[in-house]
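**Student:** Would you mind keeping the following structure in view while I ask a few things?
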Amino acid sequence: MENNTTIYEKIGGDATVAKLCERFYALMDSVPQFAQLRAMHPADLKGSSEKLYMFLSGWMGGPDLFVEKFGHPRLRGRHMPFAIGLQERDQWVACMLLAMEEVGIEADIRAKLLDNFFHTADFMRNKEG
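Going letter by letter, the sequence shown gives residues 79 to 207 in the working numbering.
Following this line, the structure appears as structure tokens:
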């Protein structure tokens, strides 16, 4: 593929982004290691999954669905109501890594995404520890 190919295209586009988000929330809902992260979410994860899908679509270089529907993501502001520290950050990143592995995102792309996800998740922290 050409160097200007987006991550969105490299991983398989819409279908893979949707599958990634579905798997991420399924893991969060079922793996005890992610219980603290799960407790921060509503009982029904469908809305959370849809919003993550819309956000990641644009963030990865595909259609900017989140911005079209909700405007600028303002990620930090949208996450301020939730106490996010090191444990929450690490659970989110670990859950996303597992989801990326399970949906078959290639190792080199997964490593790049993991680095970006870690820095974004770290920026969401709003409590000590």
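No residue lacks a Cβ here, since even glycine has one placed at the ideal position from N, Cα and C.
Return the chain-ordered list of same chain residues with a C-beta closer than 7 Å to the C-beta of PHE195, the five sequence neighbours on each side being excluded.
**Tutor:** If we look at PHE195 and ignore the five residues flanking it on each side, its Cβ neighbours are VAL171 and MET174.
**Student:** Can you give me the Cβ contacts of ALA104 inside the same chain, cut-off strictly under 6 Å, excluding the 5 residues immediately before and after it?
**Tutor:** Closer than 6 Å at the Cβ level, and outside the excluded window around ALA104, lies no residue.
**Student:** CA-CA distance, ARG203 and GLY163?
**Tutor:** Straight-line Cα distance between these residues: approximately 5 Å.
**Student:** Excluding the five sequence neighbours on either side, which residues of its own chain have a C-beta within less than 7 Å of the C-beta of PHE133, listed in chain order?
**Tutor:** For PHE133, where only same-chain residues beyond five positions count, the Cβ hits under 7 Å are PHE144 and PRO151.
**Student:** Residues in the same chain with beta-carbon distance under 8 Å from GLN114, minus the five sequence neighbours each way, listed in chain order, please.
**Tutor:** Contacts found: GLN165, GLU166 and GLN169.
**Student:** Quick check: what's the CA-CA separation for ASP142 versus SER135?
**Tutor:** When rounded, the distance between both Cα atoms is 6 Å.
**Student:** Pick out whichever of GLU100, LYS129 and GLY139 has its Cα sitting closest to the Cα of LYS147.
**Tutor:** It is LYS129 whose Cα lies nearest to the Cα of LYS147.
**Student:** Rounded to the nearest angstrom, what separates GLY220 and GLY139 at their Cα positions?
**Tutor:** Since the first residue of the chain shown is 79 and the last is 207, residue 220 is not available in this structure.
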